[in-house]
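Letter 65 of the sequence shown, counting from 1, is numbered 82 in my numbering, and no numbers are missing.
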Amino acid sequence: MDPTDDALVAYLRTRAPGLPDTPFDPRAVTARARGALRHRRRRQLRTSAVTVAAVAVTYVGLALAGPLPVPGGGTVSVPGGHALRALVARVVPDRPPGPDEWNDDVDRLEREVVPLMRELQIRYYLREPGTCRILEYSRGDFSDQEDCERLTPFDARAVTDFNRMTDAVERTGLAVERIRGDNGGIYVQVKDVSWQYNWAYVYLPDAAAPPPTNFPGEQYTRIRDGWWFFRAHDD
18 MDPTDDALVA
28 YLRTRAPGLP
38 DTPFDPRAVT
48 ARARGALRHR
58 RRRQLRTSAV
68 TVAAVAVTYV
78 GLALAGPLPV
88 PGGGTVSVPG
98 GHALRALVAR
108 VVPDRPPGPD
118 EWNDDVDRLE
128 REVVPLMREL
138 QIRYYLREPG
148 TCRILEYSRG
158 DFSDQEDCER
168 LTPFDARAVT
178 DFNRMTDAVE
188 RTGLAVERIR
198 GDNGGIYVQV
208 KDVSWQYNWA
218 YVYLPDAAAP
228 PPTNFPGEQY
238 TRIRDGWWFF
248 RAHDD
């Protein structure tokens, strides 16, 4: 049981003989002491909350950044980063793919898209909901809207070939906006909500290095042999 205020004062006097008998309000003293203790505890709780929040923000930032390069080669990821990025991708679907997604995406592009690009000799594929569809390939250049571009209207065979490429793209699970074939290379542009940049998977099977960039801020990042991830200025 806690001692009473009077008992506490009496105890202090016995421990300090000669203490002047001055007016003393024990309840006020102990109330101030208890108030100071409560204030200190609240301050400690606030400090702990700020520390936890700072750690959480740092973790989320590192997790969303994806694998980070470390000196000497290789990358490092924080635990749970892939799951967190997958969750964000479902909530914000039009973000560019992160580095830990590149290899799996390239596997699917090699399996589904690259063979069909070569078979049909596609130079340009565009599927933009609400605007136009374009297929430029070995049979000619086709479009489904007169105000999109001055191209030949789709015939039955072009529709079939366009749908084959659309099915191939959908099997990759990627949000692809357009695909361009150029001098043996393939540029697969993914959808995004950025007003500043476009992002694309670039397949250059015969190139040891990517082509030079045209503007500051553009960047090719090597994924593996023949594949790069390209950041370009939005035109």
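Glycine included, each C-beta is placed from N, C-alpha and C at the ideal position.
Nearest in C-alpha terms to Leu143, of all of Arg49, Pro222, Asp199, Phe179, is Phe179. Assignment of beta-bridge partners to Leu152 by DSSP yields Tyr142, Phe159. DSSP, reduced to helix, strand and coil, places Asn120 within a helical segment of the structure shown. The C-alpha of Thr177 lies about 10 Å from the C-alpha of Phe171. Here the alpha carbon of Ala175 sits roughly 7 Å from the alpha carbon of Phe159. From the listed residues Ala192, Arg197, Asp117, Tyr220, the smallest Cα separation to Asp209 is found for Ala192. For Gly234, the three-state secondary structure derived from DSSP is coil. Minimum Cα-Cα distance from Ala185 among the listed residues Cys165, Gln162, Val130 corresponds to Val130. Excluding five sequence positions before and after Pro222, the CB atoms of its chain that fall closer than 6 Å to its own CB belong to Gly243, given in chain order.
A Cβ-Cβ distance of about 16 Å is found for the pair Glu194 and Gln213, leaving them out of contact under the 8 Å criterion.
If you draw a straight line from the Cα of Asn200 to the Cα of Arg135, it comes to about 12 Å. For the pair Trp245 and Pro233, the CB atoms are not nearer than the 8 Å cut-off. Put simply, of Thr47, Asn215, Arg125 the residue whose alpha carbon is nearest the alpha carbon of Glu187 is Arg125. Burial state of Asn120 is exposed, judged by a 10 Å Cβ sphere holding fewer than 16 other Cβ atoms.
Excluding residues up to 5 positions away in sequence, nothing lies with its Cβ nearer than 8 Å to the Cβ of Ala71 in the same chain. For Phe246, DSSP records a beta bridge to Tyr218, Thr238. A straight line joining the alpha-carbon of Gly157 with that of Tyr204 spans about 20 Å. Residues of the same chain with a CB within less than 6 Å of the CB of Asp161, apart from the 5 flanking positions on each side, are Arg150, Phe171 in chain order. For the pair Asp122 and Pro113, the CB atoms are not nearer than the 8 Å cut-off. For Val176, the enclosing alpha helix (DSSP H) covers residues 173-189. The Cβ atoms of Ala249 and Asn215 sit closer than 8 Å to each other.
In this structure, the CA atom of Arg239 is about 10 Å from the CA atom of Tyr220.
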